[in-house]
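S.K.: If you scroll down you'll find the structure; I have some questions about it.
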Amino acid sequence: MGKAHCIKVRSSDSKNKKFLSTSPKSLTILKKKNEEAAISNLLKELKSTVPALHSTPESDVTSLDIIQQAIFYIHDLWTALEDDEDAAMSGFDLKKHIKNLKSPKAVC
1 MGKAHCIKVR SSDSKNKKFL STSPKSLTIL KKKNEEAAIS NLLKELKSTV PALHSTPESD
61 VTSLDIIQQA IFYIHDLWTA LEDDEDAAMS GFDLKKHIKN LKSPKAVC
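Under full-length UniProt numbering, think of the first position of the sequence shown as 1, with each following residue one higher.
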């Protein structure tokens, strides 16, 4: 087993110093809780960046759902980027095309 860590605790009387030891098991539990909190925060941040999950309540989404949707979103971004690069190589101007789609059409 590991060595116990000592924590100094001062009482109101400075002559009486008490030492409490923290067991390695307690330290492991604290470390695990900190890691779980960090992972939870990272998953919340990831959920907020994936558009498909914006309107989904937190209680309805598992960690696996968040990771899967993030993978799908990254794949979609890569595909869009590749399509944009292919279009640029063929002389197709995607920005101009999108602008034309947004502008109102003239009615004759």
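We put the beta carbon where it would ideally sit given N, CA and C, even for glycine.
Give the straight-line distance between the Cα atoms of leucine 64 and serine 55, rounded to the nearest whole angstrom.
M.R.: For the pair leucine 64 and serine 55, the Cα-to-Cα distance works out to about 17 Å.
S.K.: Threonine 28 by DSSP, collapsed to three states: which one?
M.R.: Threonine 28: helix per DSSP, three-state reduction.
S.K.: Under the three-state reduction of DSSP, which class applies to threonine 49: helix, strand or coil?
M.R.: helix
S.K.: What does the alpha-carbon distance come out to for the pair lysine 96 and alanine 87?
M.R.: 12 Å
S.K.: Output the distance between the C-alpha atoms of leucine 46 and isoleucine 66, rounded to the nearest integer angstrom.
M.R.: 7 Å
S.K.: Please report the distance separating the alpha-carbon of tryptophan 78 from that of isoleucine 71.
M.R.: 11 Å
S.K.: Using the Cβ count rule (16 or more neighbours within 10 Å means buried), how would you classify leucine 53?
M.R.: buried
S.K.: Secondary structure at threonine 22, three-state DSSP: helix, strand or coil?
M.R.: strand
S.K.: Return no unless some Cβ of chain C is closer than 8 Å to the Cβ of glutamine 68.
M.R.: No chain C appears in this structure, which consists of one protein chain only.
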